[in-house]
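In terms of my numbering, the sequence shown has 274 at position 283, counting the first letter as 1, and numbering is strictly consecutive. C-beta: ideal position from N, C-alpha, C; glycine also.
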Amino acid sequence: MLALPVLILCIFLLGIPLLSLKQDDAQQNLVMANQEQALTMSAESIASALQERSDLFYKHTEEGAPAGDDIAPPKIIELITPIRLNGDLKDWQPRIESSEIYGEDHLLTSNPDYQPGTLSFRHLAGTQGEYLYAFFDVYDDEVVYRNKNSLRVDRADHLKITIDKKGERKNYIVSTFEPGWVTGFDIPDEPEEIAAHERRIHGNWRRTDTGYRLEIRIQRDLLGDKLIFAVADVDDFQTGLTETLIGTARLADEKEAEEEIVNAEVLKEILNAQKLLNTRFRIVDENGETLVAVGELKKESDAAAREAIQSVSLPREIPAPDIAAVFEGQDRTIRYFRDDGPGQVIAAMIPLYDGNDLVAATITEQAVTYLPPATNQLFRETMSPLIVAFFLGVLGLFLYARRISSAV
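Rendered as structure tokens:
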């Protein structure tokens, strides 16, 4: 009869360290929940402040490039000498004199802070055999390469290639982690899908004193009725925001494209007044593309971040369905893995209106705050031998109780 109460007592004693271990996880979840709530309140207050500023948005009609029915591919010549993709333009002689300069007069898009002369390029394209060759000698005051921890190929300086084939438009991008051999990427229609390598587009990226030089080769079976090149300038490695886009032409249906542009200076003025530390604020369009970004995320220690994400399944960026929900007027708060290192990001998304029109989504982001890694590690290292000690003690107590019970 003595063994049963002792068994119940043993089970109770074993539950003490297990409950303590559970409490540690609950404490981390509570920290995250409180951070999400505080971030959502901050996002709502910022969105309200933005919507009270009538000068935050202005209309922008793209100008400066060929439009209407007068759309033609860039000048394409017949090449005389073989072209080697090595970044040396000697192979292009003597036809290099046919190259054209693209700059301020060929702007497709730019932010309000664009300074003439910060981006331009010399370009020539020609055919030889089964290939089309092209070079881009780019003047860029700040060359930014891709983040090796990110799957996005458009968050760095890049070449955008648009091909219209029998009315079907395809977009490709050439970007790189570092100078050297490069391959094109086929950009999917859905933003959440990952860009795939397009090996029919490849070339050489070479750093120069004034920017970079890109030589590419495209198989002619990939080409169509229209071919447009555009050089995209990114100056901020952290945000990956395209500041300026200069192109050789524009597709006809983009002729009168009028869009809402965010006044970056007004936005920075509002956000600086909020004095939010370790917070990144973005305004994105319905495709999830960043229109403007302000602020940086706090760097968490690798030990804390890696420990916290070991058993967590999260997306690598904000999913398209969540962005679509915001453009339907809903608020959203999500977590995702950051692409510049270990750790997670909490994002509070609020619709942004210009009058009665929903024009964008505001995203307020902070790095997840983790419990100090030393505390967590010490607690878990202590709990393991403690559970073993409890188990051995309980087992000994139970066996002793059975022996006494049998003797009685």
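Beta-carbon separation (whole angstroms), residue i vs residue j, contact threshold 8 Å
{"i": "residue 81", "j": "residue 155", "result": "Incorrect: roughly 33 Å between the Cβ atoms, too far for contact."}
{"i": "residue 231", "j": "residue 146", "result": "2 Å"}
{"i": "residue 86", "j": "residue 134", "result": "So it is not a contact: roughly 27 Å between Cβ atoms."}
{"i": "residue 324", "j": "residue 95", "result": "Rounded, the Cβ-Cβ distance is 42 Å, inconsistent with contact."}
Pair within 7 Å by beta-carbon distance, residue i and residue j
{"i": "residue 190", "j": "residue 210", "result": "no"}
{"i": "residue 358", "j": "residue 289", "result": "yes"}
{"i": "residue 205", "j": "residue 123", "result": "no"}
{"i": "residue 202", "j": "residue 173", "result": "no"}
{"i": "residue 271", "j": "residue 281", "result": "no"}
{"i": "residue 168", "j": "residue 136", "result": "yes"}
{"i": "residue 219", "j": "residue 153", "result": "yes"}
{"i": "residue 341", "j": "residue 353", "result": "yes"}
{"i": "residue 235", "j": "residue 227", "result": "no"}
{"i": "residue 109", "j": "residue 132", "result": "yes"}
{"i": "residue 119", "j": "residue 76", "result": "no"}
{"i": "residue 238", "j": "residue 99", "result": "yes"}
{"i": "residue 112", "j": "residue 144", "result": "no"}
DSSP-derived helix/strand/coil call for residue i
{"i": "residue 30", "result": "helix"}
{"i": "residue 285", "result": "strand"}
{"i": "residue 94", "result": "coil"}
{"i": "residue 210", "result": "strand"}
{"i": "residue 384", "result": "helix"}
{"i": "residue 80", "result": "helix"}
{"i": "residue 52", "result": "In this predicted model, residue 52 has a pLDDT of only 41, less than 50, meaning its place in the structure is not dependable enough to derive any value."}
{"i": "residue 296", "result": "Interpretation of residue 296 is limited by its pLDDT of 45, a score under 50 that renders its predicted location unreliable; no figure is taken from the coordinates."}
{"i": "residue 263", "result": "helix"}
{"i": "residue 145", "result": "coil"}
{"i": "residue 342", "result": "strand"}
{"i": "residue 106", "result": "coil"}
{"i": "residue 234", "result": "strand"}
{"i": "residue 395", "result": "helix"}
{"i": "residue 166", "result": "coil"}
{"i": "residue 150", "result": "strand"}
{"i": "residue 181", "result": "coil"}
{"i": "residue 134", "result": "coil"}
Nearest residue (CA-CA) to residue i, options the options
{"i": "residue 315", "options": "350, 240 and 283", "result": "350"}
{"i": "residue 142", "options": "162, 188 and 127", "result": "188"}
{"i": "residue 114", "options": "89, 334 and 120", "result": "89"}
{"i": "residue 208", "options": "383, 329, 73 and 320", "result": "73"}
{"i": "residue 35", "options": "355, 379 and 394", "result": "355"}
{"i": "residue 276", "options": "309, 199, 228 and 96", "result": "309"}
{"i": "residue 260", "options": "320, 284 and 186", "result": "284"}
{"i": "residue 268", "options": "287, 279 and 258", "result": "287"}
{"i": "residue 447", "options": "144, 148 and 180", "result": "In the structure as shown, the chain starts at -8 and stops at 399, and residue 447 therefore has no counterpart that could be examined."}
{"i": "residue 263", "options": "41, 20 and 312", "result": "41"}
Environment of residue i [buried if 16+ CB atoms lie within 10 Å]
{"i": "residue 213", "result": "buried"}
{"i": "residue 250", "result": "A caution first: residue 250 carries a pLDDT of 46, below 50, which makes its placement in the model too unreliable to give a value."}
{"i": "residue 165", "result": "buried"}
{"i": "residue 30", "result": "buried"}
{"i": "residue 343", "result": "buried"}
{"i": "residue 299", "result": "In this prediction, residue 299 has a pLDDT of 47, which is less than 50 and means its spatial position is unreliable; what the coordinates show is noted afterwards. Residue 299 is buried by the Cβ-count criterion."}
{"i": "residue 313", "result": "buried"}
{"i": "residue 38", "result": "buried"}
{"i": "residue 185", "result": "exposed"}
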